[in-house]
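Undergrad: Numbering (my numbering), first residue to last: 21 to 80.
Structure below.
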């Protein structure tokens with residue numbers, strides 16, 4: 021017979037925190053998959069020069 025009295029039952033708050041943490045992790049993994057696909061699609065293509073990017077974003 022096991023003693024379950026020492027086990028803490030999760031609360032709604034702790035479950036919500038865990039679900040949010042898992043959602044964040046899933047979003048990070050999806051972002052990584054999209055990044056890898058973009059890198060593969062653009063392999064061998066020239067990048068945009070930094071000076072052009074700064075000008076387009078008005079970072080000068």
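Idealized CB from N, CA, C, for every residue including glycine.
Please read all numbers here as calculations on a predicted model, not as lab measurements.
At the level of alpha carbons, what is the spacing between residue 60 and residue 46?
TA: Numbered from its first residue, the chain shown carries residue 60 at position 40. Numbered from its first residue, the chain shown carries residue 46 at position 26. Near 21 Å, if we compare the C-alpha coordinates of residue 46 and residue 60.
Undergrad: If we ignore side chains and look at the alpha-carbon of each, how far apart do residue 44 and residue 50 end up?
TA: Counting from 1 along the chain shown, the entry for residue 44 is found at position 24. Counting from 1 along the chain shown, the entry for residue 50 is found at position 30. Rounded to the nearest angstrom, the two C-alpha atoms are 10 Å apart.
Undergrad: What separation, rounded to the nearest whole angstrom, lies between the Cα atoms of residue 13 and residue 37?
TA: Since the first residue shown for the chain is 21 and the last is 80, residue 13 is missing from the structure and cannot be characterised.
Undergrad: When the Cα atoms are used, what is the spatial distance from residue 33 to residue 41?
TA: Stepping through the chain shown from its first residue, residue 33 is reached at position 13. Stepping through the chain shown from its first residue, residue 41 is reached at position 21. Roughly 12 Å separates the two Cα atoms.
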